[in-house]
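Peer 1:
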Amino acid sequence: MLKLKLEIDERQLRTLLFVFVVANILLLLGTAASNTWGANSNNKIAGFLLAQSDLTRENVIASWYSAMLLLLAAVISFICFLCDGQFTTNWKSRLIKYGWLVFCAIFLLLSLDEMGSFHEMIGDTNLLKTIGFGEGGGWNAFYFLVGLAGLFMITFFIIKFRRNKWSLLFALAGVLLYLSNPFQEVYEIESYRLANMPSSFERATGLLLLEEGSEIFGSLSFVMAFTLYIIYNDRAAQPGIKTPIHLKINTSRKKMFSLGSLLVFFFAFVMMAFFLNHESMLKGDDGIAVNWFPSSVSFLLCFYFLYHFSNRKKGQNQHLLLMAFAALACLAASAYFGSNFYAEPLLRKKLFSVVTIQSVAFGIMLLLEWLLFLNSRQNLSKLFLVVALVLTVLLFFIKPTFFPVAGFALFSAILFATTSETASHTLLPTIKNH
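Residue numbering for the sequence shown follows the working numbering, beginning at 54 and increasing consecutively.
What follows is the structure in C-alpha cells.
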C-alpha cells in the first residue's frame with residue numbers, strides 16, 4: 054500500500070491567504086489602470102503589460118490566474134472527498150461525501166469556462182434554447198440552473214460546515230459573491246440598452262471592479278472554506294493535534310497511476326474535441342479553451358513540486374533546489390499557455406538579436422526535464438521524460454496552432470513520470486512503502 058501524508062500548518066495557511074489576497078487586490082488595481090490608461094497607450098509594450106493585469110480581458114495573466122484559482126478549488130474539493138472518506142462513520146455521511154465530487158466537477162467546469170469564455174454564449178446553445186422559457190429563452194434556463202446550483206451549495210455547506218463557523222462563513226460568502234454576478238451582468242446589459250449612444254457606452258470603473266472582484270474573491274472564499282474544513286476534520290479526529298495538520302491517505306500505487314491516467318486521457322479527449330471543432334462552436338468572447346489543458350496540468354505539477362519543496366528535510370539541499378526550480382518553471386509554463394503567450398507577436402521577436410523570449414522559455418523546460426531525468430533511476434520514469442524532451446524540442450519548429458496539444462502531451466508525460474509506480478521511489482521522496 055502507498056501512504057500519502059499531507060501536512061499543512063497554520064503559518065503556511067496564513068501565508069497562502071496573504072499571497073492570494075494581495076494578488077487579488079493587485080489584479081483589481083491593474084484592471085482599473087488598464088481600463089483607465091491602457092486604451093490610450095501609444096506604447097505597444099506598455100499596453101501589453103497593462104493588459105496582463107486586466108480581469109476584463111481574455112488570454113492574459115489575469116484571466117489565467119482566475120482560472121487557476123478555480124482549479125485549485127476543484128483540487129481541494131477532491132481532497133475534502135478523500136478526507137471525508139477517512140472519517141465517515143455512518144451511511145448518511147458516506148452518501149453526503151459524494152457532494153464533494155459534484156463541487157470538484159463544478160469548479161473544473163468554471164475554470165475551463167474562465168479560460169474558454171463559454172458563459173458568454175451558453176444561453177444561445179440549442180440545448181438551453183430547447184428547455185428555455187419566457188422572453189429570455191435559453192438564458193432564463195441558464196439562470197435557473199445557476200439558482201439550483203446555488204441552492205445545492207448552500208444546503209450542502211450548512212450540512213457540512215454547521216460545526217465550523219469559519220468554513221461556513223467563507224463558503225456562504227463565496228456563494229453570495231458568485232450569485233451576485235448574474236444580477237450585475239443583467240444590470241450592465243440593461244444599462245447598455247438604455248444608453249443614448251450604445252456604441253460609445255462604457256462601464257463605470259467601480260461597477261467593473263465590483264463584478265470582477267466578486268468573482269476572484271468568491272473563488273478565494275471557497276478555497277479558504279474547503280481548506281479550513283480539512284483542518285477541522287483532522288482536529289476532530291485527533292483533538293490533541295494543533296499544528297501541523299495531517300491528512301493521511303492509504304491507497305495503492307496502481308490506483309493512483311490508473312486515476313491519473315484516466316484523468317489525463319479524459320482531458321485529452323475533451324481537448325481534441327475543442328481543437329477539432331472550434332470553427333463550428335458558437336463564439337462568445339475571445340477565450341481559447343484548448344489553452345486550459347496544458348495550463349492546468351502544468352499548474353498541478355507546480356503544486357506537486359511546491360509541496361515537496363515545503364516539506365523539505367535536512368541533508369536534501371540538492372533535491373530542494375530541484376523542487377524549487379521545477380515549481381517555478383511549471384508555474385511559468387502554466388501562465389505561458391494560459392495567457393496565450395505562444396501566439397503573442399511581441400514575445401516571438403528576437404531578444405538582443407540572438408534568441409526569442411519563447412526560445413529561452415523552451416530552454417528552461419529542457420533543462421528541467423534533463424535534471425528530472427538525471428535524478429530518476431527508474432526506466433519507466435525516464436521513458437516519459439524522454440518523451441517530454443522530444444515534445445519540447447518540437448515546440449521550436451511547429452506552428453503556434455499546435456502548441457496547446459503539444460504542451461498538454463509534454464506536461465502529461467512529466468505527470469506520468471511523477472505518478473508511475475516505479476518512478477515513485479525517486480520522484481516522490483516523502484512517500485513510503487508499507
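Think of the CB as a built atom: it goes at the ideal place given N, C-alpha and C, for glycine as much as any other residue. Note that this is a predicted model, so its numbers are computed, not measured.
1. For a quick check, are the C-beta atoms of Gly83 and Ser106 less than 7 angstroms apart?
2. Check for me: the alpha helix (DSSP H) holding Gln371 runs from which residue to which?
3. Can you tell me where the alpha helix (DSSP H) holding Lys452 begins and where it ends?
4. Can you tell which of Asn344, Ala379, Cys136 has the C-alpha that lies nearest to the C-alpha of Tyr360?
5. Please state if the CB of Glu167 and the CB of Ser233 are separated by a distance shorter than 7 angstroms.
6. From what residue to what residue does the alpha helix (DSSP H) around Thr445 run?
7. Helix, strand or coil for Leu70? Go by DSSP, reduced to three states.
8. What residue from Leu81, Pro347, Phe437, Leu433 has the CA that sits closest to Leu165's CA?
9. Excluding the 5 residues flanking Ala99 on each side, which residues of the same chain have their C-beta closer than 7 angstroms to its C-beta?
10. Just the Cα atoms here: how many angstroms apart are Phe214 and Gly227?
11. Of all the options Phe223, Gly266, Gly259, which has the alpha carbon lying nearest to the alpha carbon of Ala76?
12. In the structure shown, what three-state DSSP assignment does Thr109 receive?
13. Once the 5 residues before and after Phe223 are set aside, which same chain residues still bring their CB inside 6 angstroms of it?
14. How do the region 427-434 and the region 314-322 stand: do at least 3 beta-carbon pairs fall below 8 angstroms, yes or no?
15. Can you name, in chain order, every residue of its own chain whose Cβ lies under 7 angstroms from the Cβ of Asn393, other than the five neighbours on each side?
16. Who are Thr280's beta bridge partners in DSSP?
17. Alpha carbons only, please: which of Asn143, Phe455, Phe464 is nearest the one belonging to Val440?
18. Would you call Ser272 buried or exposed, if buried means 16 or more other Cβ atoms sit within 10 Å of its Cβ?
19. So what does DSSP say about Ala290, is it helix, strand or coil?
20. Which runs of the alpha helix (DSSP H), 4 residues or longer, sit entirely within the region 75-105?
21. List the whole-angstrom C-beta distance separating Ile417 from Ala382, where the pair is believed to meet the contact cut-off of C-beta under 8 angstroms.
22. State yes or no: is the C-beta of Ala459 within less than 7 angstroms of the C-beta of Leu447?
23. Which word fits Asn88, buried or exposed, when buried means at least 16 other C-beta atoms lie within 10 angstroms of its C-beta?
24. Out of Val443, Ala470, Trp153, Leu399, state which residue places its alpha-carbon closest to the alpha-carbon of Tyr282.
25. Ordered along the chain, which non-local residues of its own chain (more than five positions away) have a Cβ less than 7 angstroms from that of Phe415?
26. Please report the distance separating the alpha-carbon of Tyr231 from that of Ala127.
27. Per DSSP, which one or two residues make a beta bridge with Thr258?
28. Determine the direct distance from the alpha carbon of Gly259 to that of Leu225, and round the result to whole angstroms.
29. Considering only their Cβ atoms, is the gap separating Phe455 from Tyr395 smaller than 7 angstroms?
30. Is the beta carbon of Leu70 closer than 7 angstroms to that of Leu108?
31. Along the chain, where does the alpha helix (DSSP H) containing Val343 start, and where does it finish?
32. Report yes if the C-beta distance between Phe362 and Met376 is below 7 angstroms; otherwise report no.
33. By Cβ distance below 7 angstroms, which residues in the same chain neighbour Gly293 in space, the five residues on each side in sequence not counted?
34. Tell me the rounded alpha-carbon separation between Leu468 and Asn95.
35. Using 10 angstroms around the beta-carbon of Ser311, count the other beta-carbons present and answer buried if the total reaches 16, otherwise exposed.
36. Could you name the residues of the same chain whose beta carbon sits closer than 6 angstroms to that of Phe358, not counting the 5 residues immediately before and after it, in chain order?
Peer 2: Well, looking at it:
1. yes
2. 370-391
3. Where Lys452 is concerned, there is no enclosing alpha helix (DSSP H), given that its DSSP letter is neither H nor E.
4. Ala379
5. no
6. 432-447
7. helix
8. Pro347
9. none
10. 14 angstroms
11. Gly266
12. coil
13. Ser274, Met277, Ala278
14. no
15. Asn112, Ile341, Asn344
16. In DSSP, Thr280 forms no bridge with anything.
17. Phe464
18. buried
19. Only weak support exists for where Ala290 lies, its pLDDT of 45 falling under 50; the coordinates are left without a value.
20. 97-104
21. 6 angstroms
22. yes
23. buried
24. Trp153
25. Thr445, Leu448, Phe449
26. 16 angstroms
27. According to DSSP, Thr258 bridges with nothing at all.
28. 24 angstroms
29. no
30. no
31. No alpha helix (DSSP H) holds Val343; DSSP gives it neither H nor E.
32. yes
33. With a pLDDT of only 43 at Gly293, under the threshold of 50, the placement of this residue in the model should not be trusted; the figure read from the coordinates follows. Excluding residues within five positions, none has a Cβ falling inside 7 angstroms.
34. 43 angstroms
35. exposed
36. Met376, Ala379, Ala380
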